[in-house]
Amino acid sequence: GAGVSQSPSNKVTEKGKDVELRCDPISGHTALYWYRQSLGQGLEFLIYFQGNSAPDKSGLPSDRFSAERTGGSVSTLTIQRTQQEDSAVYLCASSEGQTLKPQHFGDGTRLSIL
Amino acid sequence: AQSVTQPDIHITVSEGASLELRCNYSYGATPYLFWYVQSPGQGLQLLLKYFSGDTLVQGIKGFEAEFKRSQSSFNLRKPSVHWSDAAEYFCAVAVSGGSYIPTFGRGTSLIVHP
Numbered sequence: 152g153a154g155v156s157q158s159p160s161n162k163v164t165e166k167g168k169d170v171e172l173r174c175d176p177i178s179g180h181t182a183l184y185w186y187r188q189s190l191g192q193g194l195e196f197l198i199y200f201q202g203n204s205a206p207d208k209s210g211l212p213s214d215r216f217s218a219e220r221t222g223g224s225v226s227t228l229t230i231q232r233t234q235q236e237d238s239a240v241y242l243c244a245s246s247e248g249q250t251l252k253p254q255h256f257g258d259g260t261r262l263s264i265l
Numbered sequence: 056a057q058s059v060t061q062p063d064i065h066i067t068v069s070e071g072a073s074l075e076l077r078c079n080y081s082y083g084a085t086p087y088l089f090w091y092v093q094s095p096g097q098g099l100q101l102l103l104k105y106f107s108g109d110t111l112v113q114g115i116k117g118f119e120a121e122f123k124r125s126q127s128s129f130n131l132r133k134p135s136v137h138w139s140d141a142a143e144y145f146c147a148v149a150v151s152g153g154s155y156i157p158t159f160g161r162g163t164s165l166i167v168h169p
């Protein structure tokens with residue numbers, strides 16, 4: 152595809168349910184990032200994948216959050232036992248590599264926890 | 056750790072007027088600086104970046120930014136704003152060492168009056 156694709160674009164779920172958010176990066180991009188954007192806030196870094204290296208999970212806010220990247224391409228962000236404070240837009244970005252290549256962002260998944 | 060401050064939450068300008076969005080960073084050495092724009096319901100798009108060299112950098116859509124080391128600033132400017140420039144603008148900083156993951160400011164919302 153031409154750009155970073157995220158699905159679903161919107162997700163509404165009940166508190167306590169698990170959710171999975173998907174990111175399909177630009178083909179050939181080895182670096183993949185997940186960010187959270189809460190209302191009126193900047194982007195909060197969550198997790199970073201670079202090639203086959205161990206991911207940088209330093210931004211994950213709790214152990215309810217996890218992410219994986221299969222085959223160096225598609226990534227899934229999973230939030231278990233969702234809470235209302237998890238409501239936000241979750242953005243995925245990819246880039247060609249580690250050394251400050253421009254990030255290309257998807258349009259995000261808007262997650263609403265009832 | 057590095058930090059980014061965008062002191063203006065909202066900026067309102069008239070179409071055709073000049074624009075300056077402020078960004079200040081906190082980091083001891085020379086940072087890598089970025090400006091991104093986010094239109095409603097979309098991901099972020101890179102406007103311009105500064106890594107080294109000429110402190111005045113030109114970007115897309117007629118934007119420019121100037122790196123001022125003495126003021127720890129990287130303000131974004133445009134001489135004449137168009138209605139289509141209404142969006143959220145984010146400044147970001149990355150530092151050497153580690154994974155160069157950018158830290159984003161909270162963003163400035165630009166409102167353009169006809």
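Quick mapping for you: the protein sequence lines, in order, are chains A and B. Residues 152 to 265 (the numbering used here) make up the first sequence, in order. Residues 56 to 169 (the numbering used here) make up the second sequence, in order. Backbone N, C-alpha and C fix where the C-beta goes; we use that ideal spot for every residue, glycine too. All figures in this text were calculated on a predicted structure; none of them were measured in a lab.
Taking just the CA atoms, how far does residue j sit from residue i?
i, j, result
"B:T163", "A:P206", "31 Å"
"A:N203", "A:S224", "11 Å"
"A:F200", "B:Y155", "12 Å"
"B:E75", "A:Y241", "28 Å"
"B:C58", "A:L211", "For the record, residue 58 of chain B in the displayed sequence is Ser; it is not Cys. The straight-line gap from Cα to Cα measures roughly 18 Å."
"B:D63", "A:H180", "34 Å"
"B:A56", "B:S128", "17 Å"
Judging by CA-CA distance, which residue of the options is the nearest neighbour of residue i?
i, options, result
"B:G117", "B:L101, B:F106, B:S125, B:R124", "B:L101"
"A:G222", "A:P176, A:K162, A:F256", "A:P176"
"A:N161", "A:L265, A:I264, A:T260", "A:T260"
"A:A239", "A:S263, A:L211, A:T164, A:P159", "A:S263"
"A:P159", "A:G167, A:E171, A:K166, A:A153", "A:E171"
"B:V150", "B:F106, B:H65, B:T60, B:H168", "B:F106"
"A:G154", "B:A84, B:S94, B:E70, B:G98", "B:G98"
"B:E119", "B:F159, B:H65, B:V92", "B:V92"
"A:A218", "A:F196, A:G167, A:K252", "A:F196"
"A:C243", "A:R187, A:S178, A:Q235", "A:R187"
Which residues of chain A have a Cβ atom closer than 9 Å to the Cβ of residue i, listed in chain order?
i, result
"B:G96", "S160, D258, G259, R261"
"B:I156", "Y184, F196, Y199, D207, S209, G210"
Going by DSSP in three states, residue i sits in which element: helix, strand or coil?
i, result
"A:Q235", "helix"
"B:I64", "coil"
"B:K116", "helix"
"A:R261", "strand"
"B:D140", "helix"
"B:R124", "helix"
"A:T181", "coil"
"B:T85", "coil"
"A:T314", "Residue 314 of chain A lies beyond the residue range present for chain A, which begins at 152 and ends at 265; the question has no answer from this structure."
"A:E171", "strand"
"A:Q192", "coil"
Taking Cβ-Cβ distances shorter than 7 Å, what residues in chain A pair up with residue i?
i, result
"B:G160", "G193"
Below 9 Å on C-beta distance, what does residue i contact in chain B?
i, result
"A:P253", "F89, L101, K104"
Quick one: which chain B residues come within Cβ less than 7 Å of residue i?
i, result
"A:L190", "Ordered by position in chain B, no residue passes the 7 Å Cβ test against A:L190, which lies about 11 Å from the chain."
By the criterion of Cβ-Cβ separation under 8 Å, what are the contact partners of residue i in chain B?
i, result
"A:L242", "G98, L99"
Please compile the residues from chain A whose C-beta is within a distance smaller than 8 Å of the C-beta of residue i.
i, result
"B:F129", "Simply none; closest approach about 15 Å."
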